[in-house]
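Take a look at the structure below.
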Amino acid sequence: MARTFNTSFKPKPSSIHENITANLIGIRQPGNTVTRKILSALDHPLTAPSANISGGTPSTTAQQVQDIFGEKVELILDAGDCKGGKPSTIINATDTPARLIRTGEINFNNIQKCLNGCLQTQESL
């Protein structure tokens, strides 16, 4: 299901995960061309945290990341401003039916169409 979902919405950023504490991971396809080129040159997956504090507004510029994290970050790659500014859409695809955990950049109706209408929202539980 993750492969179908991520293929359907390329190159928009998307994540499919629950919580890392549930021994699961998020899969994300970044929309930034420079980031995608770096990832395609690697022979292994890359893990990285979000460029914001959990629950905070997503950073869309290198300067915002610097302002938030300061000296806690060793390297900030400035490949231009990120588009969107919305958090990633999060879907728990380990449940049947899949559940929408957080709405974000990708439209709910488009996700429903991709998943043949089997996506539940938190409100429908």
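The numbering of the sequence shown is the numbering used here, which starts it at 857 and goes up by one. Think of the CB as a built atom: it goes at the ideal place given N, C-alpha and C, for glycine as much as any other residue.
State the start and end residues of the unbroken beta strand (DSSP E) segment that holds residue i.
{"i": "L975", "result": "It is not in any beta strand (DSSP E) - L975 carries neither H nor E in the DSSP assignment."}
Which class does residue i belong to by DSSP, given the choice of helix, strand or coil?
{"i": "N948", "result": "strand"}
{"i": "I957", "result": "strand"}
{"i": "L895", "result": "helix"}
{"i": "T903", "result": "coil"}
{"i": "Q818", "result": "Outside the shown range of the chain, which is 857 to 981, sits residue 818, and nothing can be said about it."}
{"i": "G926", "result": "helix"}
Over the uninterrupted alpha helix (DSSP H) stretch that includes residue i, give me the two end residues.
{"i": "T917", "result": "Run containing T917: none; DSSP gives neither H nor E here."}
Might you give, ordered along the chain, the residues of its own chain that have their beta carbon closer than 7 Å to the beta carbon of residue i, omitting 5 neighbours on each side?
{"i": "D934", "result": "A918"}
{"i": "L895", "result": "L902"}
Let's test the definition: count the other Cβ atoms within 10 Å of the Cβ of residue i and tell me whether it reaches 16, buried, or not, exposed.
{"i": "A904", "result": "exposed"}
{"i": "C974", "result": "exposed"}
{"i": "T945", "result": "buried"}
{"i": "A949", "result": "buried"}
{"i": "G936", "result": "exposed"}
{"i": "G926", "result": "exposed"}
{"i": "A912", "result": "Going by the sequence as given, residue 912 is Gly instead of Ala. Counting Cβ neighbours within 10 Å, G912 comes out exposed, since fewer than 16 surround it."}
Using C-beta distances below 6 Å, list every residue in its chain close to residue i, excluding the 5 sequence neighbours before and after it, in chain order.
{"i": "N984", "result": "A query on residue 984 cannot be resolved here, the shown segment of the chain reaching from 857 to 981 and no further."}
Check whether the stretch 954–965 and the stretch 896–908 touch, using three or more Cβ-Cβ pairs below 8 Å as the test. Fewer than three pairs of CB atoms, one per stretch, sit closer than 8 Å, so the stretch 954–965 makes no contact with the stretch 896–908.
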